[in-house]
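Enquirer:
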Amino acid sequence: MAALLDMDQLRTFVAIADTGSFTRAADAVHKTQSAVSMQMKKLEERIGRAIFARDGRASRLTEDGLRLADYARRILRLNGEALASFTAMELAGHVRLGLPDDYADRYLPEILARFSESNPRVEVTVVCEPTPMLVSRIAAGDLDLAIITHVDAKGRASIIRTERLLWVTSARHGVHEATPVPLALGRLDCTWRQAATAELDDAGINYRVLYSSWNSTAVGAAVLAGLAVSVLPESALRPGMRVLGPSDGFPALPSCKIALLRNGFEPSRLADALAALIATSLDNLSGATGPEAAAAT
């Protein structure tokens, strides 16, 4: 009989693949680093292949490791969906979800539609605020779950999606050629703003922040009107936007990591069910689609 893969080992393995670190993965799955190392040793023994290769002091996935990561994500997703299908009709009550408005535009329709279909007796309260405010709300116990932009300082958040962060401008205007480059960005503590200005500073590109807002619709309006350049994750590209790259004089940006932050003080089956659905919904989403996005890339 073929050996069965251990779900807990797969969950830890995916955490390592997502965070790029045994140490950060140990925090994410609430295990010691030695326990994580032991799990990975057993997983390698189970499949009979090396899934990690040493690269100096760091570890990277081998070709077999990359292949296993794809299977692991699908197995975990299917496992979550199977469990949810048998418990969904028993769930009733109230769950509180927070996310920034730009993520709400892209992700919320599918999340709410799927969750409402399988949990018709559950009331969902949605709060749209920037990541720093959502982190504070989670810490205060005001939310059950929050979808946030992940950085190491945000605490024990599980990374559920990674996308390219892209420079965007209007497809019908040449504002990106102006000097200094006019920018439309989030407020000062916005992670994307900090990444964008840091890359421009390193490249010696002169710029000025012309529009600043937490509201993604306002930032997008400035871009589409041909007034400014901004930065967006790949899935947030809208018709009428054009992606800028090194050939246009704009440096590459770091990836955008989207994470799920949980309320550790008040765990609930409702929050568990919604968290599982969010993870599968975001994992299943493709990048930007449509003729405008295809032309931009």
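For the sequence shown, my numbering assigns the number 160 to the initial residue and increments by one for each residue that follows.
For glycine and all other residues, C-beta sits at the position ideal for the given N, C-alpha and C.
Are there three or more Cβ pairs, one per stretch, closer than 8 Å when the stretch 275 to 284 is compared with the stretch 411 to 420?
Expert: no
Enquirer: Rounded to a whole number of angstroms, what is the C-alpha to C-alpha distance between L271 and S277?
Expert: As a working mapping, residue 271 is identified with position 112 in the sequence shown. As a working mapping, residue 277 is identified with position 118 in the sequence shown. C-alpha separation (whole angstroms): 10 Å.
Enquirer: If distances are taken between C-alpha atoms only, which option among I437, Q198, L359, S371 comes closest to C349?
Expert: Here residue 349 is taken as the residue at index 190 of the sequence shown, counted from 1. Distance check between C349 and each of I437, Q198, L359, S371 places S371 closest, using alpha-carbon atoms only.
Enquirer: Please report how far the alpha carbon of A153 lies from the alpha carbon of L369, in whole angstroms.
Expert: For residue 153 there is no data in the structure shown, the boundaries of the chain being 160 and 456.
Enquirer: S394 and V378 - do their beta-carbons sit closer together than 8 Å?
Expert: Sequence index remark: in the sequence shown, residue 378 carries index 219 (1-based). Sequence index remark: in the sequence shown, residue 394 carries index 235 (1-based). No. Outside cutoff.
Enquirer: Cα separation between A343 and I364?
Expert: Residue 343 sits at position 184 when you count from the first residue of the sequence shown. Residue 364 sits at position 205 when you count from the first residue of the sequence shown. Each residue's alpha carbon lies about 16 Å from the other.
Enquirer: According to DSSP, is G257 part of a helix, a strand, or is it coil?
Expert: By 1-based counting over the sequence shown, the position of residue 257 is 98. Assigned with DSSP and collapsed to three states, G257 falls in strand.
Enquirer: If we count the other Cβ atoms within 10 Å of its Cβ and call it buried at 16 or more, is F172 buried or exposed?
Expert: The residue given as residue 172 occupies position 13 in the sequence shown. It is buried - the Cβ of F172 has at least 16 other Cβ atoms within 10 Å.
Enquirer: Please give me, in chain order, every unbroken run of the alpha helix (DSSP H) with length at least 4 that falls completely inside the stretch 343 to 408.
Expert: Runs of the alpha helix (DSSP H) inside the stretch 343 to 408: 350 to 362, 375 to 383.
Enquirer: Buried or exposed: which applies to D431, given that a residue is buried once 16 or more other Cβ atoms fall within 10 Å of its Cβ?
Expert: The count along the sequence shown starts at 1 and reaches residue 431 at position 272. Buried.
Enquirer: Considering only the alpha carbon of each residue, which of L396, G399, R320 lies closest to L441?
Expert: One-based indexing of the sequence shown puts residue 441 at position 282. Out of L396, G399, R320, R320 has the C-alpha closest to the C-alpha of L441.
Enquirer: Taking the beta carbon of R265 as the centre, do at least 16 other beta carbons fall within 10 Å, making it buried, or is it exposed?
Expert: The count along the sequence shown starts at 1 and reaches residue 265 at position 106. Classification of R265: buried, given that the 10 Å Cβ count is 16 or more.
Enquirer: Say whether the stretch 253 to 260 touches the stretch 288 to 306, bearing in mind that this needs 3 or more beta-carbon pairs closer than 8 Å, one atom from each stretch.
Expert: Judged by Cβ distances under 8 Å, the stretch 253 to 260 makes contact with the stretch 288 to 306, as three or more pairs qualify.
Enquirer: If W351 and V402 are in contact, beta carbons under 8 Å, what's the gap, nearest whole angstrom?
Expert: Sequence index remark: in the sequence shown, residue 351 carries index 192 (1-based). Sequence index remark: in the sequence shown, residue 402 carries index 243 (1-based). That belief does not hold up - the Cβ atoms of W351 and V402 are roughly 15 Å apart, past 8 Å.
Enquirer: Suppose the cutoff is 8 Å on Cβ atoms and the five residues either side in sequence are ignored; what does the same chain contact list for A418 look like?
Expert: To locate residue 418, count along the sequence shown from 1; it is residue 259. Cβ within range, chain order: I306, I307, T308, H309, K313, A316, S317, I318, I319.
Enquirer: Considering only DSSP beta bridges, list what R219 is partnered with.
Expert: In the sequence shown, counting from the first residue as 1, residue 219 sits at position 60. Answer by DSSP bridge pairing, in chain order: A212.
Enquirer: Is the distance from the Cβ of P339 to the Cβ of Y366 below 8 Å?
Expert: Position 180 of the sequence shown, counting from 1, holds the residue named residue 339. Position 207 of the sequence shown, counting from 1, holds the residue named residue 366. Yes, the pair counts as a contact, with Cβ atoms nearer than the cut-off.
Enquirer: Can you check which of these residues, L429, T439, L436, is closest to G252 by C-alpha distance?
Expert: Here residue 252 is taken as the residue at index 93 of the sequence shown, counted from 1. Ranking the options by Cα distance to G252, first place goes to L429.
Enquirer: Closest to R219 by C-alpha separation, out of I175, Y262, D261, would be which residue?
Expert: Within the sequence shown, numbered from 1, the residue matching residue 219 stands at position 60. The shortest Cα separation from R219 among I175, Y262, D261 belongs to I175.
Enquirer: Are V294 and L164 closer than 8 Å when you measure CB to CB?
Expert: As a working mapping, residue 294 is identified with position 135 in the sequence shown. As a working mapping, residue 164 is identified with position 5 in the sequence shown. No.
Enquirer: Flag this pair as yes or no: are the beta carbons of R170 and V188 separated by less than 8 Å?
Expert: Here residue 170 corresponds to residue number 11 of the sequence shown, with the count starting at 1. Here residue 188 corresponds to residue number 29 of the sequence shown, with the count starting at 1. Going by C-beta atoms, R170 is nearer than 8 Å to V188.
Enquirer: Go to V327, then tell me how far its beta strand (DSSP E) extends in each direction, as first and last residue.
Expert: Locating residue 327 in the sequence shown gives position 168, counting from the first residue. Unbroken beta strand (DSSP E) run through V327: 324 to 329.
Enquirer: So, A384 versus S427, is the Cβ gap smaller than 8 Å?
Expert: For the purposes of this step, residue 384 is identified with residue 225 of the sequence shown, where counting begins at 1. For the purposes of this step, residue 427 is identified with residue 268 of the sequence shown, where counting begins at 1. Taking 8 Å as the Cβ cut-off, A384 and S427 do not qualify as a contacting pair.
Enquirer: Quick check: what's the CA-CA separation for G399 versus L391?
Expert: For the purposes of this step, residue 399 is taken as residue 240 along the sequence shown, with counting starting at 1. For the purposes of this step, residue 391 is taken as residue 232 along the sequence shown, with counting starting at 1. Spanning the two alpha carbons is a distance of roughly 14 Å.
Enquirer: Could you tell me how far apart the beta carbons of G224 and I210 are, in whole angstroms, since I believe they sit closer than 8 Å?
Expert: As a first step, residue 224 must be located in the sequence shown, where it is residue number 65. As a first step, residue 210 must be located in the sequence shown, where it is residue number 51. Contact holds; Cβ gap of about 4 Å.
Enquirer: For the alpha helix (DSSP H) that contains V188, what are its first and last residues?
Expert: Walking along the sequence shown from the start, residue 188 turns up at place 29. Note, V188: alpha helix (DSSP H), 181 to 188.
Enquirer: Can you give the Cα-Cα distance for A454 and R331, rounded to whole angstroms?
Expert: Walking along the sequence shown from the start, residue 454 turns up at place 295. Walking along the sequence shown from the start, residue 331 turns up at place 172. The predicted position of A454 is uncertain, since its pLDDT is 35 and thus under 50; no value can be drawn from it.
Enquirer: Once you ignore the five residues that flank S196 on each side, which residues in its own chain have a CB closer than 8 Å to its CB?
Expert: Residue 196 sits at position 37 when you count from the first residue of the sequence shown. Here the set comprises F181.
Enquirer: What's the gap between the Cα of L202 and the Cα of Q168?
Expert: Residue 202 sits at position 43 when you count from the first residue of the sequence shown. Residue 168 sits at position 9 when you count from the first residue of the sequence shown. Roughly 7 Å between the two C-alpha positions.
Enquirer: The alpha helix (DSSP H) that contains R421, what's its start and end?
Expert: Locating residue 421 in the sequence shown gives position 262, where the first residue counts as 1. It is not in any alpha helix (DSSP H) - R421 instead sits in the beta strand (DSSP E) that spans 415 to 421.
Enquirer: Go ahead and pull the three-state DSSP assignment for P341.
Expert: As a first step, residue 341 must be located in the sequence shown, where it is residue number 182. In this structure, P341 counts as strand in the three-state DSSP scheme.
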